[in-house]
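Peer 1:
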Amino acid sequence: MTGRDEADRIRAARTVLRDAGLEGTVEIAGHGRDVAVVHADETDPLRLAALAPAIKAAGFRYVTIDLAAFADRSNGAMSPERRADA
Amino acid sequence: MPDDAVGRACCPMTTGLACVASKERQREERERGMAEAVHERFDALVALLRGVGSACIGYSGGVDSVFLARVAVDALGPDRVLAVTGLSEAYPQVQRNVARECAGRFGIPHLEIQTDELSDPSYTANPRNRCYHCKTELWGKLTALAAERGLAAVLDGSNADDARDVRPGMVAARELGVRSPLLEAGLTKADIRALSRELGLPTWDQPSSPCLSSRLPYGLAVTTERLRQVERAESEVRALGFREFRVRHHGDAARIEVAPADLPRAFRSASTIEAAVHRAGFSRVLLDVEGYRSGALNEPLQLVSLTAGKR
Numbered sequence: 000m001t002g003r004d005e006a007d008r009i010r011a012a013r014t015v016l017r018d019a020g021l022e023g024t025v026e027i028a029g030h031g032r033d034v035a036v037v038h039a040d041e042t043d044p045l046r047l048a049a050l051a052p053a054i055k056a057a058g059f060r061y062v063t064i065d066l067a068a069f070a071d072r073s074n075g076a077m078s079p080e081r082r083a084d085a
Numbered sequence: 000m001p002d003d004a005v006g007r008a009c010c011p012m013t014t015g016l017a018c019v020a021s022k023e024r025q026r027e028e029r030e031r032g033m034a035e036a037v038h039e040r041f042d043a044l045v046a047l048l049r050g051v052g053s054a055c056i057g058y059s060g061g062v063d064s065v066f067l068a069r070v071a072v073d074a075l076g077p078d079r080v081l082a083v084t085g086l087s088e089a090y091p092q093v094q095r096n097v098a099r100e101c102a103g104r105f106g107i108p109h110l111e112i113q114t115d116e117l118s119d120p121s122y123t124a125n126p127r128n129r130c131y132h133c134k135t136e137l138w139g140k141l142t143a144l145a146a147e148r149g150l151a152a153v154l155d156g157s158n159a160d161d162a163r164d165v166r167p168g169m170v171a172a173r174e175l176g177v178r179s180p181l182l183e184a185g186l187t188k189a190d191i192r193a194l195s196r197e198l199g200l201p202t203w204d205q206p207s208s209p210c211l212s213s214r215l216p217y218g219l220a221v222t223t224e225r226l227r228q229v230e231r232a233e234s235e236v237r238a239l240g241f242r243e244f245r246v247r248h249h250g251d252a253a254r255i256e257v258a259p260a261d262l263p264r265a266f267r268s269a270s271t272i273e274a275a276v277h278r279a280g281f282s283r284v285l286l287d288v289e290g291y292r293s294g295a296l297n298e299p300l301q302l303v304s305l306t307a308g309k310r
């Protein structure tokens, strides 16, 4: 689709997250391999939306979160074990 | 004139409340002028319809076509108007319900016909001009129907805003002699919503609702199964209380766009939405962090040099 190696696009998108102070990963999804799926411990939609243009500039049309993984992380973040660890 | 400019102009001689009152008066005058302009365009529409004499109207149940059909019935009388809905797998049932309800409530003569765009390989291949093939099928059938019923013209609900976009469907309409009275009268979407509200049409604030095929990215084949997946998923999301949204089909994944104001709620309801859309047959459910944008599947890919970003 882009002529650019997918690994490069992922690396660039992860750099965006890291520069914003977020630990996380990015994967590529979608029929056109143009959807970035962000996995990060960030629950503020406004913050993720603010990062979207920079992630798109790494070679994506859309920036998304995976709802199943997000729900798992959110539940985990609220679990007693997670709170105890913190 | 922008408000701050108004403020600067009045402030040397008036201050405080007097200045606010002056700005308010100017705003009211501006709005009154705009409303008059809208009603002039409405009058032009009525005159145009009367000039046509009788009409077969493409009637989807959307904001524009409901408004056009309602005004046409007033201008021409019900015996000179036929609103026609083309049914296919790409036409959402929820829209069909609106079309029927409005026709019944406002005395619009209504006919439903079957269209068959999904048997056309040029359409199902889902090229960028997909709408051209769909509208060729629809307007071809309506043109034949109008001739058979002795109706003078076939009309669509394109408006003045639509003329600013590249719309392959409008090319098909022009090729088949279909006219666009709303566009010809210069009525914009905002005008039509305002006038629909004045006329008491329930569609005045209805979100735009293009066909289900618009949820598939170009190049992903349009199939009955995919359209049903999208329709079912959107029905599930609607049942959760979301009003302005799209479920976009990306193969095994659904990408959901909700109105930006609804994003916090969507984040909070992540597991509920995921389960609902999963039930519609998507193995993976993604939420777009930027929210709903009209025509999002037409957005260009943005690429900048990555070298500066590399570590």
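Chain order of the listed sequences is E and D.
Here numbering that gives the first Met the number 0 is used: the first residue of the first sequence is 0, the next is one more, and so on.
Here numbering that gives the first Met the number 0 is used: the first residue of the second sequence is 0, the next is one more, and so on.
Glycine residues also receive a C-beta, built at the ideal position from the N, C-alpha and C atoms.
Taking a contact to mean a Cβ-Cβ separation below 8 Å, would you say S212 (chain D) touches R129 (chain D) in this structure?
Peer 2: Taking the first residue of the second sequence as 1, we reach residue 212 (chain D) at position 213. Taking the first residue of the second sequence as 1, we reach residue 129 (chain D) at position 130. In contact: S212 (chain D) and R129 (chain D) (Cβ atoms closer than 8 Å).
Peer 1: What is the DSSP secondary structure of D84 (chain E), reduced to helix, strand or coil?
Peer 2: Residue mapping note: residue 84 (chain E) aligns to position 85 of the first sequence, counting from 1. The predicted model places D84 (chain E) with a pLDDT of 37, which falls under 50 and marks its position as unreliable; any figure quoted below should be read in that light. Residue state, collapsed to three classes: helix.
Peer 1: Taking all protein chains shown into account, decide if G290 (chain D) is buried (16 or more other Cβ within 10 angstroms of its Cβ) or exposed.
Peer 2: For the purposes of this step, residue 290 (chain D) is identified with residue 291 of the second sequence, where counting begins at 1. With 16 or more Cβ atoms within 10 Å of its Cβ, G290 (chain D) is classed as buried.
Peer 1: Going by DSSP, what residue range makes up the beta strand (DSSP E) through L81 (chain D)?
Peer 2: What you label residue 81 (chain D) is simply residue 82 of the second sequence in a count that begins at 1. Note, L81 (chain D): beta strand (DSSP E), V80 to L86.
Peer 1: Scan the segment 153 to 185 of chain D for residues whose Cβ lies nearer than 8 Å to a Cβ of chain E and list them as they occur along the chain.
Peer 2: So nothing in the stretch comes that close.
Peer 1: Among E:D40, E:V25 and E:D71, which one has its Cα closest to the Cα of E5 (chain E)?
Peer 2: For this step, residue 5 (chain E) is matched to residue 6 along the first sequence. Ranking the options by Cα distance to E5 (chain E), first place goes to E:V25.
Peer 1: Comparing the C-beta of D86 (chain E) with each C-beta of chain D, is any distance below 8 Å?
Peer 2: In the structure as shown, chain E begins at 0 and stops at 85. Residue 86 (chain E) is therefore absent and cannot be evaluated.
Peer 1: In chain D, what lies closer than 9 Å to T24 (chain E) by C-beta?
Peer 2: As a working note, residue 24 (chain E) is residue 25 in the first sequence. What T24 (chain E) touches in chain D: nothing, since even the nearest Cβ is about 15 Å away.
Peer 1: Near L215 (chain D), what residues of its chain come up, given a Cβ to Cβ distance below 7 Å and the 5 sequence neighbours on each side ignored?
Peer 2: Within the second sequence, the letter at position 216 stands for residue 215 (chain D). Excluding positions up to five away in sequence, the list reads N125, V221, R225 and H248.
Peer 1: Along chain E, in chain order, which residues have C-beta atoms closer than 9 Å to that of G240 (chain D)?
Peer 2: Within the second sequence, the letter at position 241 stands for residue 240 (chain D). None at all; the shortest Cβ gap to chain E is about 16 Å.
Peer 1: Starting from the Cα of T114 (chain D), find the closest Cα among D:E88, D:Q94 and D:R95 and give me that residue.
Peer 2: One-based indexing of the second sequence puts residue 114 (chain D) at position 115. Closest option to T114 (chain D), Cα to Cα, is D:E88.
Peer 1: Using DSSP's beta-bridge definition, name the partner residues of F244 (chain D).
Peer 2: The residue you call residue 244 (chain D) lines up with position 245 of the second sequence. According to DSSP, which records beta bridges pairwise, F244 (chain D) is partnered with D:V257.
Peer 1: Measure the C-alpha to C-alpha separation of D251 (chain D) and P180 (chain D) and round it to an integer number of angstroms.
Peer 2: Here residue 251 (chain D) is taken as the residue at index 252 of the second sequence, counted from 1. Here residue 180 (chain D) is taken as the residue at index 181 of the second sequence, counted from 1. C-alpha separation (whole angstroms): 41 Å.
Peer 1: I'd like to check one pair, I112 (chain D) with V80 (chain D): are the Cβ atoms closer than 8 Å?
Peer 2: Position 81 of the second sequence, counted from the start, is the residue given in the question as residue 80 (chain D). Position 113 of the second sequence, counted from the start, is the residue given in the question as residue 112 (chain D). No, they are not a contact pair.
Peer 1: For A28 (chain E), go through chain D and note every residue whose CB falls closer than 8 Å to its CB, in chain order.
Peer 2: In the first sequence, residue 28 (chain E) corresponds to position 29, counting from 1. Chain D residues near A28 (chain E): H249, A252, R283 and L285.
Peer 1: Going by beta-carbon coordinates alone, are S53 (chain D) and A143 (chain D) separated by less than 8 Å?
Peer 2: Here residue 53 (chain D) refers to the residue found at position 54 of the second sequence. Here residue 143 (chain D) refers to the residue found at position 144 of the second sequence. No.
Peer 1: Does chain D have any CB closer than 8 Å to the CB of A39 (chain E)?
Peer 2: One-based indexing of the first sequence puts residue 39 (chain E) at position 40. Not an interface residue.
Peer 1: Determine, using beta-carbon pairs with one atom in the segment 181 to 198 of chain D and one in the segment 35 to 52 of chain D, whether at least three such pairs fall under 8 Å.
Peer 2: Judged by Cβ distances under 8 Å, the segment 181 to 198 of chain D makes contact with the segment 35 to 52 of chain D, as three or more pairs qualify.
Peer 1: Among E:L21, E:L16 and E:A12, which residue has its Cα nearest to the Cα of I27 (chain E)?
Peer 2: Looking up residue 27 (chain E) in the first sequence gives position 28. If we check each option's Cα against that of I27 (chain E), E:A12 comes out closest.
Peer 1: So, does the CB of G20 (chain E) fall closer than 8 Å to a CB anywhere in chain D?
Peer 2: As a first step, residue 20 (chain E) is located in the first sequence; it is residue number 21 there, counting from the start. No, because no Cβ of chain D sits closer than 8 Å to the Cβ of G20 (chain E).
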